[in-house]
Amino acid sequence: MQTAPDSGTKIPARNGTSGTKSVLRLEQVEKSFHQRTADAYRALRGVNLEVSAGDFITIVGGNGAGKSTLLNVIAGSILADSGRVKIDETDVTRLPEEDRAAMIGRVFQDPKQGTAPRMTVAENLLLASKRGEPRGFKIAMNESKRQEFRQLLAPLKLGLEDRLDTEIGVLSGGQRQSVALIMATLKNPRLLLLDEHTAALDPKTAHKILDYTANVVAEHRLTAIMITHHLKDALNFGNRMLVMNHGEIAHDFDAAAKSRMTDAQLYTMVGELEDLDRPEV
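To convert a position in the sequence shown, counted from 1, into this note's numbering, add 9.
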């Protein structure tokens, strides 16, 4: 049974929303780096996780907790050493990143990642609209497409709807990240991965991007996992929160438990976990 967040009791990884189809399942996933050297460490330690359709999960934890490694293993940009990764009950553990791209949308911390800098805003969006289509499949840029892109960009209130022919590379970080988010969600992926996607933005723009993220996830009923270093955002967004430490899911809170937790309690919890000695390799 889920324990109240202020109890200090470790909460094991649990299943997603009861009665809802599983979109992602991790089974005893292990990942180590620099094996057989003095710098060897286990980034993921037997991680078990089930994510149900419609879950919006936030993840917090200190440096080296395994948060980004977890997303990389899910995306396929690095492969697990052992264990299983399943998307819609299909085993994708050994599939490379490009073979998972049709199922996964991703936005990175660096606004420069995920977009083509020498292509225009419209061209980047057109490219994203081809994700998952057969190789050689062509979509023409026409006024109908341009109007569709304007409608997607307008809610951000960053003026991007009037800059379709501007190269991505000359945009501000916030504008570029906004386009990257739209690109990642354009085809309604089975899973949306957000790796501290507002960390490099100014507070005002970050707030806009977070609100837009929440709206898109809700409107399209996406399943999302978001890493954040802002504890308040981890509590305010999503229906579930994971606290990671030393490559393990130390706590797994549902919406009710999250709602009872304060920023101060979460800050203390994360700090206490970081103070624990790292387990032996």
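Where is the CB? At the ideal position from N, CA and C, for every residue including glycine.
By how many angstroms is the C-alpha of residue j removed from the C-alpha of residue i?
i, j, result
"N224", "A47", "46 Å"
"H216", "G123", "20 Å"
"V179", "P126", "8 Å"
"R51", "F42", "7 Å"
"F117", "L35", "21 Å"
"V56", "K166", "40 Å"
"D100", "R93", "7 Å"
"R230", "P164", "18 Å"
"L200", "R45", "34 Å"
"Y221", "Q274", "27 Å"
"N248", "D284", "28 Å"
"L210", "K121", "12 Å"
"T232", "A49", "33 Å"
"H260", "A266", "11 Å"
"A189", "V38", "29 Å"
"K241", "I177", "31 Å"
"M192", "H239", "24 Å"
"A149", "M253", "44 Å"
"D174", "K40", "43 Å"
"D108", "S77", "20 Å"
Please list the terminal residues of the continuous alpha helix (DSSP H) segment that includes residue i.
i, result
"A137", "130 to 137"
"L94", "Position check: residue 94 holds Val in this sequence, whereas Leu was assumed. Counting along the chain, V94 falls outside any alpha helix (DSSP H), though it belongs to the beta strand (DSSP E) covering 91 to 96."
"G168", "Neither: G168 is in no alpha helix (DSSP H) and is coded neither H nor E."
"A193", "182 to 194"
"T78", "76 to 84"
"A49", "Here A49 belongs to no alpha helix (DSSP H), and DSSP marks it neither H nor E."
"V279", "272 to 284"
"K241", "240 to 245"
Between which two residues does the beta strand (DSSP E) containing residue i stretch?
i, result
"G114", "113 to 116"
"D64", "First-last for D64: undefined, no H or E at that position."
"F262", "257 to 263"
"A149", "Careful: A149 lies outside any beta strand (DSSP E) and carries neither H nor E."
"M235", "233 to 236"
Using a 10 Å radius around the Cβ and a threshold of 16 neighbouring Cβ atoms, would you call residue i buried or exposed?
i, result
"S187", "buried"
"P212", "exposed"
"Q291", "The requested residue 291 does not occur in the structure, where the chain is confined to residues 10 to 290."
"S91", "exposed"
"P21", "At P21 the pLDDT is 41, less than 50, meaning the model places this residue with poor confidence; the figure from the coordinates comes in the next sentence. Result: exposed."
"P198", "buried"
"N72", "exposed"
"N151", "exposed"
"D64", "buried"
"A264", "exposed"
"S61", "buried"
"T67", "buried"
"R185", "buried"
Go ahead and pull the three-state DSSP assignment for residue i.
i, result
"H43", "coil"
"Q11", "Here Q11 scores only 34 on pLDDT, less than 50, and its place in the model should not be relied on; the value that follows carries that caveat. Coil."
"N254", "strand"
"R34", "strand"
"G17", "Residue placement at G17 is flagged as unreliable, the pLDDT there being 36, under the threshold of 50; the coordinate-derived value follows with that caveat. Coil, per DSSP."
"D204", "strand"
"R230", "coil"
"V101", "coil"
Going by C-alpha to C-alpha distance, which of the options sits closest to residue i?
i, options, result
"M235", "V82, L202, K241", "L202"
"S181", "D119, Q156, N197", "D119"
"M278", "S61, G70, L231, L58", "G70"
"A111", "A84, T102, G168, Q184", "A84"
"D204", "N81, K30, V60", "N81"
"L53", "E257, L136, I68", "E257"
"S153", "G168, L135, R140, L169", "L135"
"G5", "S138, Y276, L88, S268", "Within the shown structure, residues of the chain are numbered from 10 to 290, placing residue 5 beyond reach of any answer."
"P105", "A89, D97, E228", "A89"
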